[in-house]
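The opening residue of the sequence shown carries number 1 in the UniProt record's numbering; numbering runs sequentially from there. Each residue gets a CB set at the ideal place from its N, CA and C atoms; glycine is no exception. In what follows, a single structure is set out as structure tokens and then discussed.
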Amino acid sequence: ANPPPATPPATPPLISRSPIKSPVQQDTASLHAAACASLHAASEQQPARPPRNRRRRHTTMVTPMEFREIVAARNEGRAFAFERAAKAAALRNDEQRRVSVLLADDELDELQESRARHLRSS
């Protein structure tokens, strides 16, 4: 009677199909899953936020005097008085538009109207 052949001992695979995670990795994964779940639930509950009515802004070139008037008027909460800036620029013919400023639609319209009035009057 021959003894049965010996079975080789079971060896663990070199690469595990489910890697062992450290406690930090487990905590991070569970936090990430919880955050994703809460975001998904929140997006289902609330309708999409309507777009904000932001004032469109335009970059335009102005003279240094116009720029000073824009800054002063905004700081004082008053309407622009470009006539002063236009008169000062007329006295100094070398005044060129070399300062960039961001203006809302209504501010840009006001600036262009003021420039047109000044051109008609001169």
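- Query: Is it the case that the Cβ atoms of Arg72 and Ser114 are separated by a distance below 8 Å?
  - Reply: According to the sequence provided, residue 72 is Ala. The question's Arg does not apply to it. If you check the CB distance, Ala72 and Ser114 do not come in under 8 Å.
- Query: Glu66 and Ala81: beta carbons closer than 8 Å?
  - Reply: Here Glu66 is not near Ala81, since their CB atoms are 8 Å or more apart.
- Item | Three-state class that DSSP yields for Ala116 in the structure shown | In the three-state reduction of the DSSP assignment, Ala116 falls in the helix class, which pools H, G and I.
- Query: For Arg57, which option in Ser30, Ala33, Leu108 has the closest C-alpha, if you only look at C-alpha atoms?
  - Reply: If we check each option's Cα against that of Arg57, Leu108 comes out closest.
- Query: For Thr59, which three-state DSSP category applies?
  - Reply: In this structure, Thr59 counts as strand in the three-state DSSP scheme.
- Mind checking whether Thr60 and Val101 have CB atoms under 8 Å apart? With respect to Val101, Thr60 sits close: the two C-beta atoms are nearer than 8 Å.
- Message: Quick test of your reading: Arg55 and Ala116, contact by CB under 8 Å. State the CB separation rounded to the nearest angstrom.
- Response: The pair is not a contact, with the Cβ atoms about 22 Å apart (cut-off 8 Å).
- Task: Would you decide whether Leu111 is buried or exposed? Buried here means 16 or more other CB atoms lie within 10 Å of its CB.
- Result: Leu111 should be labelled buried.
- Message: Measuring straight from C-alpha to C-alpha, what distance separates His32 and Leu39?
- Response: Taking C-alpha positions only, His32 is separated from Leu39 by approximately 11 Å.
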